[in-house]
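Encoded as structure tokens, the structure appears first; notes follow it.
In the UniProt record's numbering, the protein residues as written are 1 to 577.
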């Protein structure tokens, strides 16, 4: 008869424990590999980026552009702050400070400000959809004047107003002699800022595209970005579903916007071939993004903006359109680098506080659980390694920055993490007190503790999510680290703490109940069985028995205590009688 294999001779719990530890090792090695790849090829770092309060950054002061005598209302400024915050948050920048100071909006961003983020902040993102009347490719097409151009003041005034009311945005009646002359003499290369070209919504607009290579004469606004309910970026696909590799912005209008755009697209599709009057311009802050021809009527309210987009620029535009245009036009009053508000001393104080908390937890666990406390220490080390790697990866991948509030979240997490181990250890001890052997106590204690740990961590995670969603500024950093460490805590308990206890239960030191193991049944007072049932252990010294009896009484439920009190009172009355 063949001897059993070494693998089959191992208990199932041991094999399961080694599988869990293997998976944990794979996770840690994978995180190291991801971060190493980022350091080598992706601009990553082995240290997390710091937030505005610890590193400093860039401050931009936006001043509203107003007509003479006008003032910006607080409601308009608050709306602008909310929109800018949404844009910056969508870019992945962590913990910006955006608020009002007087009539200005002040934006503080940690670290160096890239051009994409600057555009998100400074652009008003006012989208207008206008029909194309003329473009520079057709600028030599002279449309007949709508009046007799006589060199008199009355004639000059009349030349800027159509004699016949235009019937729609593509009507040639919009092109008056004055507007034609303005278009003919318009030079895109001499404009300081293309986005400075604005016109009332009910009047034509002469402007250029963003590259300043094409100029347009556009009709009045026929659809507005105010009617956009959603905007996303993605790659343009062919009719067969194949990707073209070209990035675009997909828009979804509300009911009114869908109705307006359907009417315009139907009209322009009926003018196919009459270039450029069959084109429709998407105008962002006065500059033409794109002016495509209509290939068909779009009645579902889902047009697509194409152009010279990259993945980053298309996402930035989609976010701007989704969150809406600013209620005011702003100019950049100043842009400067600012120093950290807290600095190195506060960072060191925060790290010192975390170190002190960690040392106190270690001392307590070693005092309370003796050798078993080493599992807690090892679990905290593993959780710390995973947390550090995750924060470092999130720093260069998602723009996360660690603030003092985030450090506070990590410090609080030390206690929350240790609490999970304590719950587990106490359940195992309860099983030992009930007379189970150590291996059985570990498995039974895990089943009881796991439900408690999940419930506790679920509450912690829910609190972190609520804080992150409802709070702004540095509180988000606290909620973020709290939620992250809560998830990591559950992973460590499942893949490290429980497997380690399964392996230790097989060793002679722990299974024999060594007094220094922290799992000595005699020292724990293995006399309490639950439900008011007790059994006296064999050869227990009087001092140990008294200690165990007190422990048993302390662990009784309220109902058990009342039952014992009633029984004691009845016994006393019987003796007196």
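Don't be surprised by glycine CBs; every beta carbon is placed ideally from N, CA and C. Quick caveat: nothing in here was measured; it's all calculated off a predicted structure.
CA nearest to the CA of residue i, picked from the options
| i | options | result |
| --- | --- | --- |
| residue 440 | 503, 203, 299 and 410 | 503 |
| residue 286 | 131, 322 and 127 | 127 |
| residue 383 | 472, 165 and 415 | 415 |
| residue 179 | 189, 167, 199 and 190 | 199 |
| residue 307 | 297, 300 and 293 | 293 |
| residue 85 | 133, 118 and 71 | 118 |
| residue 492 | 417, 469, 449 and 335 | 417 |
| residue 405 | 228, 53 and 29 | 53 |
| residue 339 | 280, 109 and 72 | 109 |
| residue 268 | 259, 256, 254 and 297 | 297 |
| residue 408 | 24, 375, 354 and 364 | 354 |
| residue 183 | 172, 205 and 170 | 205 |
| residue 176 | 388, 134 and 328 | 134 |
| residue 369 | 187, 519, 97 and 51 | 519 |
| residue 499 | 41, 474, 462 and 421 | 421 |
| residue 223 | 28, 44, 315 and 259 | 259 |
| residue 252 | 299, 277 and 263 | 299 |
| residue 218 | 123, 363, 387 and 281 | 281 |
| residue 246 | 231, 19 and 313 | 313 |
| residue 295 | 270, 428 and 302 | 270 |
| residue 201 | 167, 364 and 129 | 129 |
Bridge partners - residue i, DSSP secondary structure assignment
| i | result |
| --- | --- |
| residue 391 | Answer by DSSP bridge pairing: none, since residue 391 is not bridged. |
| residue 329 | 65 |
| residue 247 | 235 |
| residue 59 | 108 and 336 |
| residue 284 | 127 and 287 |
| residue 308 | Note: residue 308 sits in no beta bridge, so no partner. |
| residue 100 | 105 |
| residue 252 | 230 |
| residue 50 | 402 |
Counted within 10 angstroms of its Cβ, other Cβ atoms place residue i as buried (16 or more) or exposed
| i | result |
| --- | --- |
| residue 283 | buried |
| residue 62 | buried |
| residue 265 | buried |
| residue 322 | buried |
| residue 538 | Residue confidence is low: residue 538 scores 46 on pLDDT, short of 50, so the model does not pin down where it sits. No coordinate-derived value is stated. |
| residue 83 | buried |
| residue 66 | exposed |
| residue 311 | exposed |
| residue 330 | buried |
| residue 470 | exposed |
| residue 564 | exposed |
| residue 35 | buried |
| residue 398 | exposed |
| residue 536 | In this prediction, residue 536 has a pLDDT of 45, which is less than 50 and means its spatial position is unreliable; what the coordinates show is noted afterwards. So residue 536 counts as exposed. |
| residue 515 | exposed |
| residue 203 | exposed |
Collapsed DSSP secondary structure at residue i in the structure displayed
| i | result |
| --- | --- |
| residue 209 | strand |
| residue 231 | strand |
| residue 401 | coil |
| residue 458 | helix |
| residue 15 | helix |
| residue 135 | strand |
| residue 218 | strand |
| residue 295 | coil |
| residue 519 | coil |
| residue 113 | coil |
| residue 242 | coil |
| residue 279 | strand |
| residue 91 | coil |
| residue 223 | strand |
| residue 10 | coil |
| residue 186 | coil |
| residue 434 | coil |
Other residues of its chain near residue i: CB distance less than 8 Å, five sequence neighbours each side excluded
| i | result |
| --- | --- |
| residue 14 | 502, 503 and 506 |
| residue 74 | 100 |
| residue 12 | none |
| residue 419 | 456 |
Own chain partners of residue i with C-beta closer than 7 Å, once the 5 adjacent residues on each side are dropped
| i | result |
| --- | --- |
| residue 48 | 391, 392, 395 and 402 |
| residue 234 | 248 and 250 |
| residue 279 | 132, 291, 292 and 293 |
| residue 423 | 449, 452 and 453 |
| residue 214 | 135, 136 and 208 |
Same chain only: Cβ atoms within 6 Å of residue i, ignoring 5 sequence neighbours per side
| i | result |
| --- | --- |
| residue 111 | 57 |
| residue 209 | 288 |
| residue 334 | 61 |
| residue 362 | 377 |
CB contact below 8 Å: residue i versus chain B
| i | result |
| --- | --- |
| residue 398 | Absent here is chain B; the protein component of the structure consists of one chain. |
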